[in-house]
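Some notes on the structure that comes next.
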Amino acid sequence: MLSSCVFLQFNVFVCIVSISRGGVGHAVAFSTSIFNNNGASIAASMSPKANADASAPSVTIRAITADHPDIQGCYSVRNRVYVEEQKVPAEIERDENDQTATHILATSGDANVPVGAARVVYVDDGKVGKIGRVCVLPEHREKGIGRQVVLFAVEQIRKNVGVNCGAKAKLGSQVHALEFYKSMGFELTEGDEYMDAGGGIPHRDMIMNL
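Sequential numbering from 58 applies to the sequence shown in our numbering.
Below is the structure:
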């Protein structure tokens, strides 16, 4: 698989090389406005904290494959949040899906320090992108980075699957984060609350039609 990446520089400029599931990159134009299935702007609902302070380091969001040199940045953020903070067993936090997933990496400042991560795993014949492992380092929370990471992942699913193709973004949200995901256009699916297999944390499934 060819190593590919997507760059999105918030509040400074926008530059993208779109990653496809086939590993081929395509230069495309991109708007930071993201719309839900009803045509309403999701990005418009972002809180002021989502817009970086002029004095704060800029945040760059990239989508990379498992063989990209920067993949360890994703794993390091996930390890600190899920393994060290939430006590999820390391052997569960990392799994076989990491090899085929599209990984989302958020970095801060000129030194590109990893501060956030997520991944997208395609299921249901590639029509559903399952967003998971969404996390931001404790010292970088309350800055809108998590929201940017999730919306970026949604846009990757939209690009890879295509609109009007039954594309959906799906995720399992920790119960305390339900309102966070609802604010971006996700809706609860039918089904009860469940405990995840790793840290025993209550979750609910959510979905967004694209």
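All C-beta atoms in this analysis are idealised placements derived from N, C-alpha and C, irrespective of residue type, glycine included.
Exercise for review: Take the Cβ of residue 191 as the centre, count every other Cβ of all protein chains shown within 10 Å, and call the residue buried at 16 or more, exposed below.
Suggested key: Counted from its first residue, the sequence shown places residue 191 at position 134. When all chains shown are included, residue 191 counts as buried.
**Study point:** First through last residue of the alpha helix (DSSP H) which encompasses residue 217
**Key:** For the purposes of this step, residue 217 is taken as residue 160 along the sequence shown, with counting starting at 1. Counting along the chain, residue 217 sits inside the alpha helix (DSSP H) bounded by residues 202 to 218.
Review point. Skipping 5 residues on each side, what residues in its chain have a beta carbon closer than 6 angstroms to that of residue 16?
Key: Because residue 16 is not part of the residues shown, which for the chain are 58 to 267, the question remains open.
Review point. If you pair each beta-carbon of the segment 212 to 223 with each one of the segment 236 to 255, do three or more pairs fall below 8 angstroms?
Key: Touching, no.
Review point. Given that a residue counts as buried once 16 or more other Cβ atoms are within 10 Å of its Cβ, and exposed if not, what is residue 205?
Key: Walking along the sequence shown from the start, residue 205 turns up at place 148. Residue 205 counts as buried, since no fewer than 16 other beta carbons sit within 10 angstroms of its beta carbon.
Review point. Under a three-way DSSP split, which group does residue 194 fall into?
Key: Reading the sequence shown from its first residue, position 137 is the one you call residue 194. Coil.
Practice item. Give me the Cα-Cα distance between residue 143 and residue 263, rounded to the nearest whole angstrom. Key: Mapped onto the sequence shown, residue 143 falls at position 86. Mapped onto the sequence shown, residue 263 falls at position 206. Inter-residue distance for residue 143 and residue 263 is about 21 angstroms (C-alpha atoms, whole angstroms).
Point to revise | Helix, strand or coil at residue 130 according to DSSP, with G and I counted as helix | key: Numbered from its first residue, the sequence shown carries residue 130 at position 73. In this structure, residue 130 counts as helix in the three-state DSSP scheme.
Practice item. Inspect the beta-carbon positions of residue 115 and residue 166 and report whether they are closer than 8 angstroms. Key: Within the sequence shown, residue 115 is the residue found at index 58, counting from 1. Within the sequence shown, residue 166 is the residue found at index 109, counting from 1. The beta carbons of residue 115 and residue 166 sit closer together than 8 angstroms.
Point to revise | Those residues which DSSP pairs with residue 159 across a bridge | key: Here residue 159 refers to the residue found at position 102 when the sequence shown is read from its first residue. Beta-bridge partners assigned by DSSP to residue 159: 177.
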